[in-house]
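Student: Please see the structure below; I have some questions.
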Amino acid sequence: MGDKQIKDEEQIKQEMIDLLMEKITGGFSEKVIDYGNDPRNCGTLEKPDGYAKIKGPCGDTMEIFLKIKNDKILDIFYTTDGCMTSHAAGSAATVMAKGKPVRECIRINQSSILEHLGGMPKDSEHCALLAANTFHKALRNYAIGRKK
Ligand code: FES
């Protein structure tokens with residue numbers, strides 16, 4: 010058996026493993042699967058300083074609760090009635106924002122959430138948009154509360 014044939018067989022084996030993994034994981038990154046199955050900061054907060062609830066175009070709802078002190082996000086929780094990818098997006102947004110100054114969090118958006126998650130299949134990218142929109146609405150709710 011020549012070297013070329015061995016390489017071809019190994020390449021074919023690797024391609025089969027990659028295909029199998031894609032079938033098993035549904036094309037989701039390790040982080041999406043991790044956050045989706047073990048959500049971070051999933052829950053609610055009593056008397057939040059900022060709060061928002063949005064229903065996305067797919068019909069899923071997300072809520073975000075903020076506890077803010079000295080313009081820093083001390084605590085942040087989300088809830089969703091959506092699927093695994095909604096949990097991954099909610100987890101990502103909250104992990105990215107927790108402990109950060111509000112002005113830094115303004116940069117959190119759909120792209121940065123997708124980047125944090127190592128990407129998502131096209132069909133699921135709207136979950137990151139729902140998380141980003143809900144987060145920004147909660148920040149606006151906080152800003153309005155401060156003005157009163
Ligand atoms: Fe609806 Fe993800 S499937 S927000």
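If you're matching positions, the sequence shown starts at 10 in the numbering used here and goes up one per residue.
Backbone N, C-alpha and C fix where the C-beta goes; we use that ideal spot for every residue, glycine too.
Let me know the beta strand (DSSP E) ranges lying completely inside the region 65-99, each 3 residues or longer, listed in chain order.
Tutor: DSSP runs (the beta strand (DSSP E)) wholly in the region 65-99: 70-78 and 81-89.
Student: For Met30, is the classification buried or exposed, using 16 other Cβ atoms within 10 angstroms of its Cβ as the cut-off for buried?
Tutor: That one is exposed.
Student: Report the partner residues of Cys114 according to the DSSP bridge assignment.
Tutor: Answer by DSSP bridge pairing: none, since Cys114 is not bridged.
Student: Beta-carbon within less than 7 Å of Gly128's beta-carbon, same chain only, minus the 5 sequence neighbours each way: which residues are those?
Tutor: These residues qualify, in order along the chain: Ser38.
Student: Measure from the alpha carbon of Ser95 to the alpha carbon of each residue in Val111, Asp84 and Asp43, then state which is nearest.
Tutor: Among Val111, Asp84 and Asp43, the Cα nearest to that of Ser95 belongs to Asp43.
Student: Just the Cα atoms here: how many angstroms apart are Gly154 and Lys107?
Tutor: In a straight line, the C-alpha of Gly154 is about 20 Å away from that of Lys107.
Student: Check the DSSP bridge columns for Cys51 and list the partner residues they point to.
Tutor: Paired residues: Tyr87.
Student: Buried or exposed for Cys92, going by 16 or more other Cβ atoms inside 10 Å?
Tutor: Exposed.
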